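Participant:
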Amino acid sequence: WDGSDLPRLERTVDWLKSQGITIVLFGPTVQYDSALPRLLALAIQKNDPRIPADHRVPYYERLDQEMSQLAERRLQVRYISYFKLLCQRGSCLEYAAEGVPLQSDYGHLTGGGSALMAVKIRDAGALNWGPN
1302 WDGSDLPRLE RTVDWLKSQG ITIVLFGPTV QYDSALPRLL ALAIQKNDPR
1352 IPADHRVPYY ERLDQEMSQL AERRLQVRYI SYFKLLCQRG SCLEYAAEGV
1402 PLQSDYGHLT GGGSALMAVK IRDAGALNWG PN
């Protein structure tokens, strides 16, 4: 996602809603200015666990907040925030499991990262629709 996507997103959501399609909007992932596995290896090598966090790109957290507000106030669609599911008090998960990076590069989930996100989304009740 990029901020320039938002006007097109609004038009797309409006069209989907006009077709009676249920929408779940996923926000941007936590992103880094370098591949997360490389940053994790560097953190281990230099014995500095702060390295990955120091390379997180703050723009995407701001974009997530903007998209969350847009989804709630204007679009009125369900919104899933990777930041809310993966980050607490300025710290974000970096591993899907011991020794398994959450992401394979700057922002794409690994298989283990995808499985972890599915569990977190389920546990948060983000896709509970209730009775039809």
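Position one of the sequence shown corresponds to residue 1302 (the numbering used here), numbered consecutively onward.
For every residue, glycine included, the Cβ atom is placed at its ideal position computed from N, Cα and C.
Here the structure is a predicted model, which means the values were calculated and not measured.
Where Pro1432 and Ala1398 are concerned, what is the direct C-alpha to C-alpha distance, given to the nearest angstrom?
Facilitator: Interpretation of Pro1432 is limited by its pLDDT of 49, a score under 50 that renders its predicted location unreliable; the figure taken from the coordinates is listed afterwards. For Pro1432 and Ala1398, the distance between alpha carbons rounds to 34 angstroms.
Participant: Quick one, are the C-beta atoms of Glu1362 and Phe1327 less than 9 angstroms apart?
Facilitator: no
Participant: Would you list the one or two residues that DSSP bridges to Gln1404?
Facilitator: Answer is Leu1410.
Participant: Enumerated in chain order, which unbroken segments of the alpha helix (DSSP H) with a length of 4 residues or greater are wholly contained in the region 1330 to 1364?
Facilitator: 1337 to 1346 and 1352 to 1355
Participant: What is the rounded straight-line gap between the Cα of Tyr1407 and the Cα of Val1401?
Facilitator: The alpha-carbon atoms of Tyr1407 and Val1401 are separated by roughly 15 angstroms.
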